[in-house]
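Visitor: Pasting a structure below so you can have a look.
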Amino acid sequence: RRRLDLALGLWAIEQGRFEEARTHLQGALRRLPRDVEPSVRASLHQSLALACARSGQTGLARRHYERALALRDGLTGPAADAEAALLHQALGAFLAERGERATAEQHLARAVALLRGVPADAGLDPRLASFAEHQLGAFLARGGRATDAEPHFRAAVEAARAGDAQGRVDPTSLAASLSQLGAVLLADERAAEALLLFLEVAELWRTLGSGHAEALGNALHAVAACHLVLAADRKSTRLNSSHLVISYAV
Numbered sequence: 010r011r012r013l014d015l016a017l018g019l020w021a022i023e024q025g026r027f028e029e030a031r032t033h034l035q036g037a038l039r040r041l042p043r044d045v046e047p048s049v050r051a052s053l054h055q056s057l058a059l060a061c062a063r064s065g066q067t068g069l070a071r072r073h074y075e076r077a078l079a080l081r082d083g084l085t086g087p088a089a090d091a092e093a094a095l096l097h098q099a100l101g102a103f104l105a106e107r108g109e110r111a112t113a114e115q116h117l118a119r120a121v122a123l124l125r126g127v128p129a130d131a132g133l134d135p136r137l138a139s140f141a142e143h144q145l146g147a148f149l150a151r152g153g154r155a156t157d158a159e160p161h162f163r164a165a166v167e168a169a170r171a172g173d174a175q176g177r178v179d180p181t182s183l184a185a186s187l188s189q190l191g192a193v194l195l196a197d198e199r200a201a202e203a204l205l206l207f208l209e210v211a212e213l214w215r216t217l218g219s220g221h222a223e224a225l226g227n228a229l230h231a232v233a234a235c236h237l238v239l240a241a242d243r244k245s246t247r248l249n250s251s252h253l254v255i256s257y258a259v
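Counting from 10, one number per residue, gives the positions in the sequence shown under our numbering.
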């Protein structure tokens with residue numbers, strides 16, 4: 010019965026039926042053996058936290074997240090660090106949605122630190138690190154801290170380019186991080202560098218085909234914006250040069 014409740018609970022989460030998921034997962038939690046591995050119990054608490062949060066039970070969600078963190082505390086190794094990072098990301102997003110930005114940032118930053126600490130030869134999927142860096146960068150950018158966000162977007166791009174264990178690159182993840190980095194650079198008046206990134210984004214979406222027409226259109230709009238900024242800069246430079254020549258002649 011415990012395994013059935015767990016399977017039904019996870020299935021219900023995938024279907025967006027969070028009240029139903031919460032009922033099944035609570036049943037699975039009650040039936041867990043006392044000597045079950047802490048990581049197993051922690052994963053169940055984390056799934057329950059998600060189901061509770063999505064069904065409006067935010068107080069219960071917080072308690073399940075905190076219990077999952079307590080259970081993962083002390084577990085070591087690359088796999089344990091990766092699981093803990095995912096938990097910190099989930100809790101950080103949960104807190105950010107509720108306006109608890111300072112605490113949310115701590116958890117998102119902890120996720121990044123955990124994944125950066127995993128050895129390169131551990132076989133960890135680089136997409137995990139890419140998403141963690143991107144998530145923290147986006148959080149900081151939304152808070153008006155573009156300068157702090159930039160290195161995280163750069164790290165996200167680097168990890169996304171590395172691909173998975175077989176070297177396969179997820180183009181949608183790469184395009185998302187390139188776009189965010191480009192937006193930061195454009196806002197910082199580095200249009201030439203931003204233009205190269207947006208051109209790469211446009212090519213990624215074009216390669217993916219007609220199902221991504223809107224994303225391609227957004228990338229091309231960003232390319233056009235970069236060209237406009239660069240054209241304005243060139244015009245301003247010419248005007249300033251003319252002014253200097255006239256001033257010198259007078």
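Beta carbons: idealized from backbone N, C-alpha and C, even for Gly.
1. My output table needs one value for Q144: the three-state DSSP class, helix, strand or coil.
2. Determine contact between the region 186-200 and the region 146-166, defined as no fewer than three beta-carbon pairs at a distance below 8 Å.
3. Along the chain, where does the alpha helix (DSSP H) that runs through S219 open and close?
4. Determine the DSSP secondary structure at S256, reduced to helix, strand or coil.
5. May I ask you to report which of helix, strand or coil DSSP gives E159?
6. Determine the direct distance from the alpha carbon of R76 to that of L100, and round the result to whole angstroms.
7. Cβ atoms of L194 and A203: under 9 Å apart, would you say?
8. By the three-class DSSP mapping on this structure, what secondary structure does S182 have?
9. Identify whether G101 lies in helix, strand or coil by the three-state DSSP scheme.
10. Would a C-beta distance cut-off of 9 Å place D179 and R136 closer than the cut-off?
11. With DSSP collapsed to three states, give me the class of E23.
12. Given this structure, state the Cα-to-Cα distance separating I22 from Q66, to the nearest angstrom.
13. Find out if the Cβ-Cβ distance for the pair L15, P47 is shorter than 9 Å.
14. What do you get for E28, buried or exposed, if any count of 16 or more other CB atoms within 10 angstroms of its CB means buried?
15. Does DSSP classify P42 as helix, strand or coil?
16. Whole angstroms are fine: how far does the CA of A200 sit from the CA of D242?
17. Below 6 Å CB to CB, which residues in the same chain sit around A97 once its five sequence neighbours on both sides are set aside?
18. My guess is that A105 and A113 are in contact by the Cβ rule of under 8 Å, so how many angstroms apart are they, rounded?
19. Mapping the DSSP letters down to three states, classify R107 as helix, strand or coil.
Guide: Reading from the atomic positions:
1. helix
2. yes
3. No alpha helix (DSSP H) holds S219; DSSP gives it neither H nor E.
4. With a pLDDT of 41 at S256, under the threshold of 50, the modelled position of that residue is not reliable, and the figure given next carries that caveat. In this structure, S256 counts as helix in the three-state DSSP scheme.
5. helix
6. 12 Å
7. yes
8. helix
9. helix
10. yes
11. helix
12. 15 Å
13. no
14. exposed
15. coil
16. 10 Å
17. Checking the displayed sequence, the identity of residue 97 turns out to be His instead of Ala. Closer than 6 Å at the Cβ level, and outside the excluded window around H97, lie H116, R119, A120.
18. 4 Å
19. coil
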